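Note sheet for the following structure.
Numbering (our numbering), first residue to last: 12 to 344.
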């Protein structure tokens with residue numbers, strides 16, 4: 012019996028394409044990986060510095076503003092923003108910031124976490140008293156939910172207290188109808204991580220009459236259940252003492268403070284939810300002519316307010332429907 016014929020391989024038949032396809036796929040994947048890594052490195056530094064200002068300018072223009080700034084550093088090594096300049100045609104005439112430096116660990120950025128913020132050299136020019144632009148009538152806004160507001164403030168505190176915040180060399184100039192109205196010299200706000208205290212270093216203030224109010228220091232204490240200011244002097248001879256905004260968990264806010272005008276002490280308090288308020292002249296007296304002149308509204312007559320008690324109910328939700336009573340005593344009219 013003869014052996015079956017052996018088949019010889021046909022030289023014209025091509026080898027399987029699987030290996031060639033695999034090699035090509037690996038090559039393509041390798042190229043894509045290299046491009047991806049290059050893109051990440053580009054976006055981490057040069058790309059972010061190039062695209063960041065362009066994206067920001069786009070959103071500024073949508074808000075009716077014009078501006079530019081520079082980006083330095085890298086996402087992983089630390090970013091900084093400098094030479095920020097914004098201009099507008101309405102209330103905000105211009106805003107300049109020398110430098111903004113966020114403090115963070117780059118891994119935490121994916122969770123939206125930062126450790127602090129340092130801002131240097133802030134100056135704002137404001138226009139006050141502009142006529143409002145004509146706009147379509149807006150639908151009636153819902154009443155302010157004060158309980159929700161308190162909850163938001165308490166939640167915000169939990170995010171702010173861990174931060175290092177340094178705002179340096181802040182100044183402000185405001186005009187009204189083209190005339191100088193208010194000028195705030197260089198000021199600063201600082202907060203150490205974990206502290207309840209926000210330290211204020213307020214520069215001298217110049218009023219519309221050209222009078223200068225001296226620089227001062229104060230502090231805002233932001234505790235879990237309240238926000239307090241021991242003392243701040245908004246005007247010469249006018250002092251705000253023991254200011255306390257109560258922010259109870261699950262409740263509505265209320266306010267207690269003392270306003271000192273020269274030798275007079277006015278005690279101001281509100282009910283929770285600001286539904287009612289009381290003002291009592293606890294000590295001293297108010298010289299009406301002197302107080303009016305201090306606020307830029309001189310009166311042709313003089314008098315001494317020696318007794319004052321004001322009670323107002325129903326302030327919220329509709330202030331126009333509020334009712335109240337006032338008892339006062341004027342002497343030397």
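For every residue, glycine included, the Cβ atom is placed at its ideal position computed from N, Cα and C.
Just so you know, these numbers come straight off a predicted model, no measurement behind them.
Query: DSSP on residue 120, reduced to helix/strand/coil?; Result: helix
Query: Between the beta-carbon of residue 281 and the beta-carbon of residue 258, is there less than 8 Å?; Result: no
Query: Starting from residue 199, follow the beta strand (DSSP E) in both directions and report where the run begins and ends.; Result: 190-202
Query: What did DSSP end up calling residue 126 once you bin it into helix, strand or coil?; Result: coil
Query: What separation, rounded to the nearest whole angstrom, lies between the Cα atoms of residue 125 and residue 166?; Result: 16 Å
Query: Just checking, does the segment 180-197 make contact with the segment 125-140 on the three C-beta pairs under 8 Å criterion?; Result: yes
Query: On the CB-based measure, 16 or more other CB atoms within 10 Å of its CB, does residue 263 come out buried or exposed?; Result: buried
Query: I'd like to know whether the C-beta atoms of residue 276 and residue 294 end up nearer to each other than 8 Å.; Result: yes
Query: Reducing DSSP to helix, strand and coil, say where residue 227 ends up.; Result: strand
Query: Let's test the definition: count the other Cβ atoms within 10 Å of the Cβ of residue 195 and tell me whether it reaches 16, buried, or not, exposed.; Result: buried
Query: Given a cut-off of 8 Å on the beta-carbon distance, is the pair residue 285 and residue 326 in contact?; Result: yes
Query: With H, G and I counted as helix, E and B as strand and the rest as coil, what does DSSP make of residue 286?; Result: coil
Query: With DSSP run on the structure shown, which of helix, strand or coil describes residue 336?; Result: strand
Query: Helix, strand or coil, according to DSSP, for residue 326 in the structure here?; Result: coil
Query: Assign residue 216 to one of two classes, buried (16 or more other C-beta atoms within 10 Å of its C-beta) or exposed (fewer than that).; Result: buried
Query: In three-state DSSP terms, what is residue 169?; Result: helix
Query: Buried or exposed: which applies to residue 92, given that a residue is buried once 16 or more other Cβ atoms fall within 10 Å of its Cβ?; Result: buried
Query: For my contact list, residue 328 and residue 154 are in at a C-beta cut-off of 8 Å; report their separation, rounded to the angstrom.; Result: 5 Å
Query: Do you know offhand how far residue 200's Cα is from residue 181's?; Result: 9 Å
Query: Using beta carbons (cut-off 8 Å, strictly below), is residue 216 in contact with chain C?; Result: The structure shown contains no chain C, having only a single protein chain.
Query: For residue 267, list the residues DSSP reports as bridge partners.; Result: 255, 280
Query: Taking the continuous alpha helix (DSSP H) assigned at residue 301, which residues delimit it?; Result: 299-305
Query: Comparing C-alpha positions only, which one of 287, 89, 79, 220 sits nearest to residue 129?; Result: 89
Query: Below 8 Å on the Cβ atoms is my contact criterion, and I expect residue 300 with residue 313 to pass it. Report the Cβ-Cβ distance as a whole number of Å.; Result: 4 Å
Query: Run through the DSSP bridge pairs and tell me what residue 92 is partnered with.; Result: 82, 111
Query: Do you know offhand how far residue 316's Cα is from residue 343's?; Result: 9 Å
Query: Between residue 135 and residue 106, which are expected to be in contact by the criterion C-beta below 8 Å, what is the C-beta distance as a whole number of angstroms?; Result: 5 Å
Query: According to the Cβ coordinates, are residue 208 and residue 232 closer than 8 Å?; Result: yes
Query: Can you grab the Cα-Cα spacing for the pair residue 127 / residue 174, in whole Å?; Result: 5 Å
Query: Would a C-beta distance cut-off of 8 Å place residue 99 and residue 76 closer than the cut-off?; Result: yes
Query: What are the start and end residues of the beta strand (DSSP E) that includes residue 177?; Result: 175-187
Query: Using the Cα positions of residue 269 and residue 278, report the straight-line distance between them to the nearest angstrom.; Result: 5 Å
Query: Determine the burial state of residue 224: buried for a count of at least 16 other Cβ atoms within 10 Å of its Cβ, exposed for fewer.; Result: buried
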